[in-house]
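Encoded as structure tokens, the structure appears first; notes follow it.
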Ligand code: NAP
């Protein structure tokens, strides 16, 4: 099943979707699903070459595309890119805050700079994007979709930095839903579960054979796909979700229901029991 089996090809025709971190993985998958329902796409990330490749894939789907490098930690750069995207494609109707960094590290080993980098990209970067897009979202009565993670609401070994950052993202989302509701702007988060063939999975599930074991441990008995998350994003941006704001939509096949210890034991080949005891 593809998105066009459910949503018409012109559902979001004439609308502009801006995706931070849109050059790869889940975020590119989200961008492709928006392209399939007629939206124009603006994408940013740190690597122009990666963005150019993603832009070519989106154009092949028929989308008008604007792709320019910007680090989400640099507010002025992001603001400039958003203004140039507007000049090319028109004002932003949907902002997807997907740029993020991740690596497994114990809290006793991670450097303060490593922790800070993740919080700056995930949390501060999401605020920068929302703040810079505000004038355009105010004009369109648009909506924001933050890409969160299970780490935001469940403690995971080796993920203190990500948990802190993504929990902050979800609280920011709720506060913006309250503060910007009066402008007709909606804000929601998607918390993806383990998504196959992504950088996140490659980094967080390095143990040999982990993928098949993790899939077997998900209640729906499979890993997610980028299209699973893209479809949820299109729904949240669509008129069908016009009364949905301030919510975290968990799309993880039920993975979180079994707890993070099981995940860690399979994915990392260790888990909570590998910590030193006295
Ligand atoms: P990914 O392909 O590495 O996506 C991250 C993107 O963000 C990259 O395109 C990267 O491009 C960009 N980025 C990183 N730092 C940036 C910065 N400072 N400024 C601008 N762009 C930046 O990883 P992914 O696994 O698909 O993850 C995508 C999102 O889904 C993330 O928010 C992640 O937390 C979330 N998520 C993933 C999973 C999973 O299973 N993979 C599960 C739950 C949540 P450059 O390096 O070129 O900048």
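In the numbering used here, the protein residues as written are 1 to 278. Backbone N, C-alpha and C define an ideal beta-carbon position, used for all residues, glycine too.
Best match in the options for proximity to residue i [C-alpha to C-alpha]
| i | options | result |
| --- | --- | --- |
| residue 9 | 244, 50, 35 | 35 |
| residue 15 | 119, 124, 268, 142 | 142 |
| residue 70 | 20, 64, 54 | 20 |
| residue 126 | 221, 102, 165 | 165 |
| residue 24 | 178, 115, 100 | 100 |
| residue 178 | 201, 193, 144, 197 | 144 |
| residue 243 | 208, 211, 188 | 188 |
| residue 6 | 235, 222, 263 | 235 |
| residue 98 | 220, 27, 247 | 27 |
| residue 210 | 176, 181, 263 | 263 |
| residue 91 | 216, 18, 221, 222 | 18 |
| residue 119 | 201, 170, 246 | 170 |
| residue 239 | 185, 86, 67, 113 | 185 |
| residue 146 | 64, 176, 227 | 176 |
| residue 1 | 259, 258, 227 | 227 |
Residue i and residue j closer than 8 Å at C-beta
| i | j | result |
| --- | --- | --- |
| residue 256 | residue 159 | no |
| residue 39 | residue 12 | yes |
| residue 195 | residue 161 | no |
| residue 267 | residue 172 | no |
| residue 82 | residue 149 | no |
| residue 237 | residue 190 | no |
| residue 78 | residue 128 | yes |
| residue 224 | residue 265 | no |
| residue 229 | residue 29 | yes |
| residue 137 | residue 95 | yes |
| residue 231 | residue 3 | yes |
| residue 47 | residue 93 | no |
| residue 219 | residue 193 | no |
| residue 32 | residue 61 | yes |
| residue 168 | residue 151 | no |
| residue 124 | residue 84 | no |
| residue 67 | residue 76 | no |
| residue 200 | residue 113 | no |
| residue 217 | residue 258 | yes |
Residues sharing a beta bridge with residue i, DSSP
| i | result |
| --- | --- |
| residue 224 | 195 |
| residue 188 | 145 |
| residue 40 | 16 |
| residue 66 | 42 |
Interface flag, residue i vs chain D, CB-CB below 8 Å
| i | result |
| --- | --- |
| residue 92 | Within the model displayed, chain D is absent; a lone protein chain is all it includes. |
(request) Give, in chain order, every unbroken run of the beta strand (DSSP E) that is at least 3 residues long and sits entirely within the region 74–124. (result) 92–97
(request) Starting from the N-terminal side, write out each stretch of the alpha helix (DSSP H) that is 4 residues or longer and does not extend beyond the region 213–267. (result) 226–237, 260–267
(request) Mind listing, in chain order, the continuous alpha helix (DSSP H) runs of no fewer than 4 residues lying wholly within the region 124–181? (result) 125–140, 160–179
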